[in-house]
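Numbering (our numbering), first residue to last: 72 to 223.
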């Protein structure tokens with residue numbers, strides 16, 4: 072009869088660590104858990120990116136709309152000044168402050184007409200409006216001939 076001093080070592084020597092089905096099931100579960108975790112992280116990152124993009128675009132739209140409205144207010148201010156003073160002209164821009172935003176307005180006069188340029192910038196978005204008004208020198212009547220968004 073032979074005596075084996077190390078029975079556990081001899082028993083394990085002939086088998087590989089992955090040979091039993093229980094160990095393979097554990098490896099499959101680990102792989103599946105890592106795969107599902109990666110997909111969850113990918114979906115969360117995609118949703119975060121979409122939310123950030125949506126917020127940025129809506130803030131940009133609001134800033135551009137505000138710039139457009141401030142520029143329109145600048146044209147209206149220049150028209151009011153023309154109504155009050157038929158000889159009003161401003162070759163260098165004057166500023167109209169409106170709730171933290173400002174418009175730069177220029178009024179150029181030529182033979183019974185006034186051309187108004189108004190530009191406003193809000194958060195990097197610049198918008199401008201150009202208006203042409205006829206001014207009757209005898210009566211002081213002011214009529215808006217055209218009003219359009221200026222191209223930059």
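C-beta: ideal position from N, C-alpha, C; glycine also.
- Taken in chain order, the complete beta strand (DSSP E) segments of 3 or more residues contained in the region 122-170 are 161-169.
- In this structure, 186 is the residue among 193, 186, 124 with its C-alpha nearest to the C-alpha of residue 216.
- Residue 213 is positioned such that its CB atom lies no closer than 8 Å to that of residue 184.
- Residue 188 and residue 117 have their alpha carbons spaced roughly 44 Å apart.
- Counted as a single uninterrupted DSSP element, the beta strand (DSSP E) harbouring residue 219 occupies residues 213-221.
- With distances taken between CA atoms, residue 175 lies nearest to 191 out of 155, 137, 191, 201.
- For the pair residue 219 and residue 128, the Cα-to-Cα distance works out to about 25 Å.
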